[in-house]
Structures are given as C-alpha cells and as structure tokens.
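What follows is a single structure, written as structure tokens, with notes after it.
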Amino acid sequence: MVKVTLGSTGITVNKNGFGALPIQRISEEAAVKLARKAYEAGITFFDTARWYSDSEVKLGEAFDGIRDKIFIATKTGATTAEGFWKDLETSLSNLRTDYIDLYQFHNPAFVPKPGDESGLYDAALEAKRQGKIRHIGITNHRLSVANEAIDSGLYETLQFPFCYLATDKDLELVKKCKERNMGFIAMKALSGGLITNSAAAYAYLSQFDNVLPIWGVQREKELDEFISYIDNPPVMTDEIKALIEKDRSELLGEFCRGCGYCMPCPVGIEINNAARMSLMIRRAPAAGWLTDEWQAKMKLIEKCLHCGKCKGKCPYGLDTPTLLEKNYEDYKRVIAGKITV
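FYI, in this note's numbering the residues of the sequence shown are 4 to 344.
Shown next, in the form of structure tokens:
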C-alpha cells in the first residue's frame, strides 16, 4: 500500500483520496454504500464541501460510529467571518462530528490572511483553537492565488488541479509545496473526465511522493478501479508514457477543464460540459452526449446573451462564449453525420 503524508499535518493516508463531489448526484443509500466500501478497502481520506449540496450529509451517515477511523476534509466558500462560522457549524452537523480534520477555503479570489477585512483567517484560527478544526488549507484554480498561499506560510495544504496534462507552472507548485512541507491535494486528477485511463493517471501521480490525488467517485465500478490500485499500484511504463504523450499533444492548450466556476448561466447553458463537448464526444463513449436531451442542452447556446459573466469568472482566463460557439458548430456537424466520432 502506497501512502502519502500531507506535509506538516501528519495526516498519512493511502494514495487514493475519495472525492465526494459526485455523490451529490446519487441516492443516499448508494452514496453511503460507496463511501463505506472505500473505507473498508483502505481509503481513509474523504474530501467534500458545503457547496456540494448533500454530500456532507451522506458522508455523515456513512461514517456515523467510525469517525475516528477516517479523515474528513471539507470547505467553506464564505467571504465573511459570519459566513465562515455558519458554514462550519452546518458542516459539523451534517458530518455528525465535533471536528473537521482539514478545513479549506474554497477557491477564494484572494488569500485570506490574519487581520484582513474578511476576517476569514482569524475565524479559522479561532475555530482551530476551539478544536473544531485541526488543520487549515486552501483550494484554488488560479496559479497566482496558489503561489501566494504557498509563499504566505499560513496554510498546511493546497488543493489544486493536477494531472498528466500539467504545465511547468503546475509542476512548480508541487515542488514548492514539498520544499515548504505543505501538503498537496490533487483535484481534477482525471481532468474532469477528459482523461479516460485511470491507471495512466495514477502512474503519473505516483511519481510525486507528496501528492494525494482525490478521485471523484459516483459509480461502484469507478471505485473498484481505484481500490484495485491499493495492492497493485500502476507504475510508469513505456506504454503508459506513450499514451500520456498522445493525450498531451491532443489536449494541452485552450480547453475547458469543467470546473464549473462560470456557472450558473443566465439562459441555462450547462457551460462546464458544453464548452468542451468536442473533446468529450471524442474521448468518452459518444452516445451519452448525442441524446435528444443533450441536443436540446447544446441548442441553448443559440440563446447566449454574450453578457461576459462566464468569461469573467473563468479561473483559466478562457474566452468562454467563443469556446461555446466553436463546440456547438462542431456538435451540429457530428449530429448531421458530417463528422464521425
């Protein structure tokens, strides 16, 4: 079993974290079953957030009675100290616990610091003093914020998108975290579904002994893949290297990561999927994206107001309206049979 220690926190777990965002889409019974199965197989790090609707509630049910056997990380998207305390108390209640192992600021546009106007970091320190949280972390999609958080020395962990599509700047974050003894949690380890070979994804991340990947799990067969890697972790081979290089040549550059921070759209466009549809229908089973339901969803792009809200909120600085238009035109050609996928 390969283990990872999250920097100075001392949290040491199997190199398979359970990302609990997707379980908000399934029933409580199914979610509890998945989380319990993961725990029984040796996965003990579970990451959720207040923004993930009922994800916390489902984990609370799953781990009632065995709280001390697992590590729970959750997040607050609050922008004020008052909101922080409200989120924290809600999370404690949902998770049926009196403490959070790792409490993270959820993708803030700035780095909360002691004495700033938001009061967020001071609230976190007080919550830590009270024993309601044990470690303070931050998540982000912005390189500038991530670098500032590392340099500040205020945070015990950074959660950031990291996979084999990483850029040199992403790799520098991992290196800096290791040098500062700061835990690095890799979200989007499958790049929001664009990476379809989980063994290759695992093998790539296995090269970084300070990185803990959290895999978004919604189906039992997905969980089974990662459970199988506990005793038989994939390693880098020439075949996997070739696959990674092929994917990097196809995917690096201007593409939507599917993070969803551009949402909601005023006219209901499901931007986080629609803006990368060309890639999805070529890298995943296409049938699921070509249904009548999805054709109707893509047609909503015709109603785009060009208000610029999605573009303004994109942490990657993408020209989202233009991406939507390009993906829609390609999608229509596929539907018309002019392009085979």
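The beta-carbon is built from N, C-alpha and C at its ideal position, and this holds for glycine as well.
Please read all numbers here as calculations on a predicted model, not as lab measurements.
Leaving out five residues on either side along the sequence, give the residues of the same chain with a beta carbon under 8 Å from the beta carbon of residue i.
| i | result |
| --- | --- |
| F163 | T142, N143, H144, A149, D173, L176, F187, I188, A189 and M190 |
| R99 | G63, E64, F66, D67 and R70 |
| A112 | R145 and V148 |
| A84 | S121, G122, L123, D125 and A126 |
| L254 | L168, S194, L197 and L282 |
| V238 | A206 and S209 |
So residue i packs on residue j, CB below 8 Å; how close in whole Å?
| i | j | result |
| --- | --- | --- |
| K72 | I26 | In fact, because the Cβ distance is near 19 Å, the residues do not count as touching under 8 Å. |
| L308 | P267 | Not really, about 13 Å apart at Cβ, beyond 8 Å. |
| L226 | K40 | 6 Å |
| V35 | F74 | V35 to F74, Cβ: 18 Å. No contact. |
To the nearest angstrom, report how far apart residue i and residue j are at their CA atoms.
| i | j | result |
| --- | --- | --- |
| C265 | N276 | 11 Å |
| L208 | P216 | 7 Å |
| P115 | R183 | 19 Å |
| Y181 | E151 | Here residue 181 is Lys; the residue named in the question, Tyr, does not match the sequence. When rounded, the distance between both Cα atoms is 15 Å. |
| L32 | E120 | In the sequence under discussion, the amino acid at residue 32 is Glu, which differs from the Leu named in the question. When rounded, the distance between both Cα atoms is 42 Å. |
| L24 | S194 | 14 Å |
| I230 | A206 | 14 Å |
| E257 | R279 | 10 Å |
| N213 | D250 | 24 Å |
| Y42 | P117 | 36 Å |
| T79 | E92 | 11 Å |
| C310 | K335 | 23 Å |
| L197 | D322 | 20 Å |
| I14 | W297 | 42 Å |
| G140 | Q107 | 4 Å |
| E305 | N330 | 12 Å |
| I274 | G263 | 7 Å |
| K18 | K341 | 44 Å |
| P318 | E228 | 31 Å |
| N110 | W54 | 11 Å |
| E248 | T170 | 13 Å |
| I153 | F165 | 16 Å |
| I46 | E129 | 30 Å |
| T294 | L9 | 43 Å |
| L327 | R260 | 13 Å |
| C313 | F48 | 32 Å |
| G291 | V337 | 13 Å |
| G271 | L303 | 7 Å |
| I284 | L161 | 32 Å |
| V7 | E332 | 44 Å |
| K131 | T325 | 45 Å |
| P236 | G20 | 14 Å |
| K224 | S201 | 12 Å |
Sorted by chain position, which residues of the same chain lie with C-beta nearer than 6 Å to residue i's C-beta, five sequence neighbours on each side aside?
| i | result |
| --- | --- |
| H138 | T12, L105 and E159 |
| A81 | F87 and D90 |
| G219 | G22, L24 and P25 |
| S58 | A23, I26, Q27 and T51 |
| K300 | E273 |
| A76 | D50 and L105 |
| I243 | A203 and A206 |
Run the CB neighbour count on residue i, radius 10 Å, all protein chains shown included, and call it buried at 16 or more, exposed below.
| i | result |
| --- | --- |
| S252 | exposed |
| D241 | exposed |
| P288 | exposed |
| A339 | exposed |
| A245 | exposed |
| G315 | exposed |
| A203 | buried |
| V5 | exposed |
| S94 | buried |
| G320 | exposed |
| N97 | buried |
With DSSP as the reference, please indicate the residues paired to residue i in a beta bridge.
| i | result |
| --- | --- |
| H109 | T142 |
| T77 | Y106 |
| L161 | I141 and F187 |
| I217 | G20 |
| V7 | V16 |
| F48 | F74 |
| I136 | I103 |
Please return the same chain residues whose Cβ sits closer than 7 Å to the Cβ of residue i, not counting the five positions on each side in sequence.
| i | result |
| --- | --- |
| Y102 | G134, K135, I136 and R137 |
| I29 | Q221 |
| A44 | I230 and I233 |
| R286 | L197 and T199 |
| L157 | K116 and Y124 |
| K179 | I153 |
| F211 | V177 |
| S155 | V114 and K116 |
| S56 | Q27 |
With a cut-off of 9 Å, does the C-beta of residue i fall near any C-beta of chain D?
| i | result |
| --- | --- |
| K335 | Note that chain D does not occur in the displayed structure, where there is just one protein chain. |
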